[in-house]
Each structure stands twice: as C-alpha cells, then as structure tokens.
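Respectively, the protein sequence lines represent chains C and P. Numbered according to the working numbering, the first sequence spans residues 1 to 401. Numbered according to the working numbering, the second sequence spans residues 402 to 802. No residue lacks a Cβ here, since even glycine has one placed at the ideal position from N, Cα and C. Worksheet: the structure to be examined is printed underneath.
Number of protein chains: 2
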Amino acid sequence: MAARKKAPKKSPAAPAGKRRAPKAPAARAARSEKRVQATDAETLRHIESTASRVHETIRKERRPDLALPVRALRNVSYAEDVGYLEIGRQRKVRTLSVNTVKNFAQTLRMMSLSRELVRGDDFATKREAYYISKNWDECKFDEQMESDTVMDDIEALFSVNAINREQLRFYPEEHGGSVSGPLLVMDRDNTGRIARIDCTNFGSGAYSVPSSVEELAFETTAKFVLLIETGGMFQRLQSHRFWETANCILVDMGGVPTRAVRRFVRRLADEQRLPVFVFVDCDPYGIANIYRTLKVGSGSAAHVNKFFCVPSARFLGVTPQDIVDYELPTHPLKDVDVKRAKDALKNDPFFQSQPRWRKALEQLVHMGVRAEQQALAMWGLNYVIDEYLPRKLAEPEKFLP
Amino acid sequence: MAARKKAPKKSPAAPAGKRRAPKAPAARAARSEKRVQATDAETLRHIESTASRVHETIRKERRPDLALPVRALRNVSYAEDVGYLEIGRQRKVRTLSVNTVKNFAQTLRMMSLSRELVRGDDFATKREAYYISKNWDECKFDEQMESDTVMDDIEALFSVNAINREQLRFYPEEHGGSVSGPLLVMDRDNTGRIARIDCTNFGSGAYSVPSSVEELAFETTAKFVLLIETGGMFQRLQSHRFWETANCILVDMGGVPTRAVRRFVRRLADEQRLPVFVFVDCDPYGIANIYRTLKVGSGSAAHVNKFFCVPSARFLGVTPQDIVDYELPTHPLKDVDVKRAKDALKNDPFFQSQPRWRKALEQLVHMGVRAEQQALAMWGLNYVIDEYLPRKLAEPEKFLP
C-alpha cells in the first residue's frame, strides 16, 4: 500500500518493436496529415471561391447550387487500409429555389461568419453561432438544431478540401482531456506570444487541452501515448509519475473522447510517430463506444473521421481474457451491454473485419460479465503500475487491433 | 468580430470596494479554514484514537459503538451567518451486535485502509476502495453502493474533527475544472519535488486541477475569481486573455462543480481573500443547482459543506433582469425548469432567506423564459468581454447574494 518504491519487474520503458507506429498506417497517416493542415489562407481561399461561384451564377441569372456530401450511413464505408469509417462520394445538390432560399441564405451567411472569424483570428462555438444569427433578419435560425445542421453541412462541404470545422473557427462547446508526461506543447496566444507548456511540471494536476488544437506544436521524447478512460485511473498514474517510469504521455479521456482530445492524440500519432495505446474498462461501452470512436470514428459523423480518428490506436486492455488471466472481480453484463456487443458483432464493419475482436466480443458475451479498470486494485492499489501495465507493455504485439 | 484590440470602456481591473470579500464572511471563512487544515499526523491520531477506543471497549468485554452524524435532511439547517447548509448535532449510535457485525467490521477496515493510505502517501478512489475490499474475506462488499455508504459514514464521522474525505485519502473519481490567470500553484509530487505551475502560461489551454487540492499552495496577484458554467465561454475568455484585462482567475466549472473545483475555489477565497463571482446561464439549473451547490452546498451531503462551500460567492449573472436589460434571445422555460424554480422558492432555505433571490426567481417564472450565457453573442461575439463583464464588474454590490 505504501508509495511505490521499487521499479516494476519488467521495465516498460522500451516496448520491443514499438518504437514507431506500424509502418503502413504511419505512412498513410503522414500523408493524410499533410492534406489536413490547411492554412488560414487556404481556408479563406476555399470559402471565397465557393461564394464567388454562387455569386457569378446568380449574376448570369442562373440558379446556383451547393453540392454537399451525403451525411448518412448509406454513404459510409470501412476499408482496413484506410483505417476509419470513411464518407463516400455521394453528394446532395442544394439548388437555390423558393423552397430552399432560407436554408441557402443561412448556409452562405454561416460561411461568411467563418470567413470573418478566420480573418479576425477569433472563433465561435455552436451556441454562439446560433445567437449571432439572431441579427440575420430574414434568415435567422429558430432553433439551435437548425444552425447545428447548417454547420455540419458546411463542415462536410469543406472537409472535401481537407479543412475541418475547427479550421473554419467553429469550436465545440466542451474540450475535456487532461494530459501529462514528457511533452512540450507550443501554443500561440492572441497577442502572438508563444507559450511553452511543459507537461512534466504539473504536480498532481495536468494540462487541460483547449477546444481547438490545430494551432499547437509539439516536442516530445515519449515512446507512446496512453489513453485512459477514467479520471481516477489517470490520477493514480499521474500521481505516481507513471509517465516517467514508462516514458509516455498520459491522456485522461473521461469517457468517450471529445473532438479536441481525439484530434490532439491524432496529431501526436501522426507528427510525432507515437504509438497510441488505449486502457479502458472491459465492457461493450469501453470497447464499442470509446475505443471504436477513437480509432475508426462514428458512422453518423463520417465526414470528420479523417481528421479525428486515430487508426493506429491499439487496445491495451482491459481485455476479456484479462478478466480470466488476472482473476478480476466482475459485474454481470446488463441487457444494454449485451445488446451493444451483439450489435457490434452484427453491424459494425470495424469489428466484423477483425477476427480477433470478434473472438474477444464473443468471449465477453459468453462470460456474461464486465470488469472495470480499477478492478485491478483488488491485487493492490498500485498493482496496475507495478505489474499489469509493465507486463502488457512488454508485449504490445498482443494488443487487440 | 475582429480580435479585440481596444480596452473595454470601463476597466474592470479594480471593481470598487471589492478588493476584499465582505468582512464578516471572510473572517468566518478564515476561522473555518484554520479548522479544516488537519495535518496527516492529526488525521492518523483521530483514526487511531477512534480505533483504540473500540479495541479497549472490546477488551473490557463490553460492546463498542460508533456515533455517526445523521446524514438526513432532518438534521440539516441553514443560518445566514454560517453561510452554508450545515449538518446538525444528531448522532446515530452504531453498536456492535450480531446484526451490525459485518457493517461494523467494514467501517473499521475502511478506517484502517485510510490509515494505510495516509502513512503510505497514497490514495484510493471510491471504486478502488470497493475492489480492495474483495480481499477482506468475511467483510467484503457485494456492491460499490455499500462501500460508498461506509465511506460516507467515515467521512461524516471525521468531519467532526475537521478532517475531510480527501484528507482521509479517499479521492473522487472525477476532478473537472480548468483554470487560467495570474495564479501560481505550488504542488508537491510523490518524489517531494515542488512543481510551480504558472496559470498565465497555458496558451489557449489551461491548468486542470487534480482530484485532491488539499496539498496545493497558492500565490496570486488576482483581484477576484470568475467561475464560468460552460467550456465555450471559458475558452472565449481564456483565448482573449480576459484574466489579464480584468486581473482575475478564470475557472471553468463545466456544469455543477466537482468537489475538487469547489474546494479549490474555497481555498482561494479563504487563503487569498479573493471575492468569487459566478457567471452561469440564467435558468433554474444555473441558479438553483450550480450556484446554490457552490455557495451553500446540498442538503444530502451536508456533512461536507463546511469544506466545500464558498459562502462568499456572489452571482454576477446572467440574471433574470439581464434578459430584459440586454434584450437577450431566450428559450421558453420547460416544465422541469418551472418545477425546479418553484421548488427553490418553496423549500430551499437559502433562497427563502434572500428576498432579492426570491424576487429574481419569481421574475424568471413570471417571464417564462431562460437565457444562456452565450446569448450575449447576439450583440457580437466579444460583447461579453468588451461590454457585459466590464459593466457588471464595475458594480459588484449589485450582484445577487
């Protein structure tokens, strides 16, 4: 129970063969990264050329249109070599007419707002964008749901040009995510000054990532990133400086990771070539919601997956087999858990493409139980630090895909 | 829309007459602060003397007992001069018997765990404490709810000695809370090294407070603390360095503040004598849940209120009158909102004791609408920075109590 004094039996500092992410995904990620790092100038150029095209069409007394990617499951696919749920090529063409005029005008005004924000080096949250529209006379939104939909449309429209919503300066309401470990974050504030944030220097606290991480730059000597589901487990690893023992960056996801956290980790994976390991509860929520969302994204927001997914992420644990191997205390699966697991097996293209995951999920359903990551505390509070994680990190090739 | 260039018309840097918190509550807070800063040695002494008393009673072949404060609404009161919902003097005496033996043993083992944790300079979350009990043979817990209840009992038992749960080394699962501004946080890690955390140096990010803030020390030149309900508004004030303009500490509560955030702010209020201003949505949830919990605590956990409440906190806005004065866009109150507001008026001793709050809540119900803090964006994204907050901060005596 005393504070850990001895080094873990096996040093997790250098997980053999895991110095870099697997080659193919890393190379692919690097390519996609180049694509997604649009500059403000490029963002402005794309907004302006879209608007100019509409304007010219109107001046020629023709009816302008906007071709928006179809954001529906029928236009989403999963291919292993891409590594995330990808939006397809289907477009819906919105043509200006009596029926569409309000929505058309709202879309253009929202684009205009984005342009103002980029030019003024500012941002708006979804909520703020909705309220700003209250000054748009004829085309104000009645409900935030409407403005959210238009924002999603614009996001999908410009995602084709490798510009994401944060680059359009529309920020999410919540950021979440605490970070600690050997990572220097460079962040420019609105006076132009660069803050150098040393994530080894927060005592028992941590670095809280901002709503948009596009502007951040990184330096790190870490060997990998460890994503953690619960605040309690993060606090344990942080308070015991596990990031030092294992030379890694710790990230507290606090459940399903926010856009900011996913993008932050994605950029670390791409730019710093860091392997990403995920440590969550062993239940269908941890596997089919948290891990799946992080790695391959969601079907309902497939147009953003190319920016936010971390296809190179691997599942460290807790695995169904860990429940057996570590004799963990369990809780019975609830009906909703069983439904979620069966759904993943039956309908989720990611799990369907991975025989090892199929087997693991079937094992979980068969056992009829789930285990929380803190269940390891049964063997001692710091068993997770002294035994479990070092053993796991010694054999990363055994992680679930 | 452009990034703010000019200083606000009225400087909020020195809200007249608000250099310090109102005298009476500050003095009271300081006294209570002295009480609550139990050292580890004191914590151990209280645990050991309680256990010794039980042990000696058994050796004398008598039946030992524990007198636990009654944690029920009938044992809770509110007095304005105390400033929070306070637990009363009623005790339930748990005597060792055939019926109580398991619970009695669990309570003693949980105290023993706390002692181990203090001595080993470690901690356990509620979840971890539950799993540790799996090794307690005859007295293991079947459900986490049972171990949570025993933990609450122990917390209440030692709160009489001015020792809180975090000092017993039982940490909450979530910490929440992002902080920025002219604040130096000193935090000792488990190697004994002191980290000095400069909260002006996080770029667009922030300092994320740990699960337990008992060990932290502070230095600040700030004039007040501004608590913010939503991540989006916090990001706006943080990105525009409002903490610099107004010389304040910004804290993102992310809804109802966690124990860690409440305690963090309470310590700033007490030790640094900083006024605390709260900026939330104008709806019964923002007022009767977020603000009320922060300021006077909750009746169901009244035994912890003396550590976690911030009785000197004042309500900056958004007030019902702001909806009128600033012509804010609104949403209709839902049934649940109206119920919550009427409940507060009818049953909540805090609101009942405050005529200005009664009037404000009645006004809200009468208007039948609510307004989000981002609704100010209707007048421009940074209207909140350039106009609203400076105007408000110029007249803190007008804040709701």
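Looking at the structure shown, is residue i part of a helix, part of a strand, or coil, going by DSSP?
i	result
P:K535	helix
C:Y282	Per the sequence shown, residue 282 of chain C should be read as Cys rather than Tyr. DSSP places C:C282 in strand when its eight states are reduced to three.
P:H641	coil
C:P64	coil
P:H576	coil
P:F524	coil
P:D553	helix
P:T646	helix
P:K707	helix
P:K735	coil
C:V261	helix
P:D653	strand
P:L509	helix
C:F277	strand
P:I459	helix
C:R169	coil
P:L669	helix
C:V225	strand
C:L294	helix
Could you tell me if residue i is buried or exposed, where buried requires 16 or more neighbouring beta carbons within 10 angstroms of its beta carbon?
i	result
C:K34	Confidence in C:K34 is poor, its pLDDT being 40 and thus under 50, which makes the residue's placement unreliable; the coordinate value appears in the next sentence. When all chains shown are included, C:K34 counts as exposed.
C:K60	exposed
P:I595	exposed
C:G88	exposed
C:A67	exposed
C:Q464	Missing from the structure shown is residue 464 of chain C; chain C here goes from 1 to 401 and no further.
C:N99	exposed
C:A24	Residue confidence is low: C:A24 scores 35 on pLDDT, short of 50, so the model does not pin down where it sits. Its coordinate-derived value is still stated next. Label assigned to C:A24: exposed.
C:R196	exposed
P:R663	buried
C:P332	exposed
C:S180	buried
P:S579	buried
P:Q774	buried
P:S453	exposed
P:T526	buried
C:K339	exposed
C:P355	exposed
C:Y388	buried
To the nearest angstrom, how far is it from the Cα of residue i to the Cα of residue j?
i	j	result
P:T451	P:K503	18 Å
P:P658	P:E547	25 Å
C:K134	C:L117	17 Å
C:D40	C:L216	14 Å
P:G805	P:G632	Summary: the structure shown does not reach residue 805 of chain P, with chain P confined to residues 402 through 802, and so no result is reported for it.
C:I385	C:F218	27 Å
C:A394	C:W243	16 Å
P:S612	P:D653	15 Å
P:V471	P:C649	39 Å
P:K800	C:R391	In the sequence as presented, Lys is not what sits at residue 800 of chain P; that position holds Phe. Between P:F800 and C:R391, the C-alpha separation is close to 57 Å.
P:Y572	P:W758	34 Å
C:Y93	C:E138	According to the sequence displayed, residue 93 of chain C carries Val and not Tyr. One C-alpha to the other measures close to 23 Å.
P:Y686	C:E271	42 Å
C:K223	P:P712	47 Å
C:E80	C:V369	30 Å
P:E615	C:M110	46 Å
C:A313	C:P401	8 Å
P:D738	C:P64	44 Å
C:L268	C:V296	16 Å
Run through the DSSP bridge pairs and tell me what residue i is partnered with.
i	result
C:Y207	C:V179 and P:Y608
P:L585	P:D599 and P:E620
P:S478	P:E487
C:R91	C:P69
P:V719	Per DSSP, none; premise fails for P:V719.
P:V770	P:P733
C:L157	Looking at the DSSP assignment, C:L157 forms no beta bridge with any residue, so it has no partner.
At least 3 beta-carbon pairs within less than 8 Å: the region 602 to 614 of chain P vs the region 205 to 212 of chain C: yes
At least 3 beta-carbon pairs within less than 8 Å: the region 697 to 711 of chain P vs the region 469 to 483 of chain P: yes
Segment contact, 8 Å Cβ cut-off, at least three pairs: the region 689 to 697 of chain P with the region 779 to 786 of chain P: no
Three-pair Cβ contact test at 8 Å for the region 706 to 719 of chain P versus the region 673 to 689 of chain P: yes
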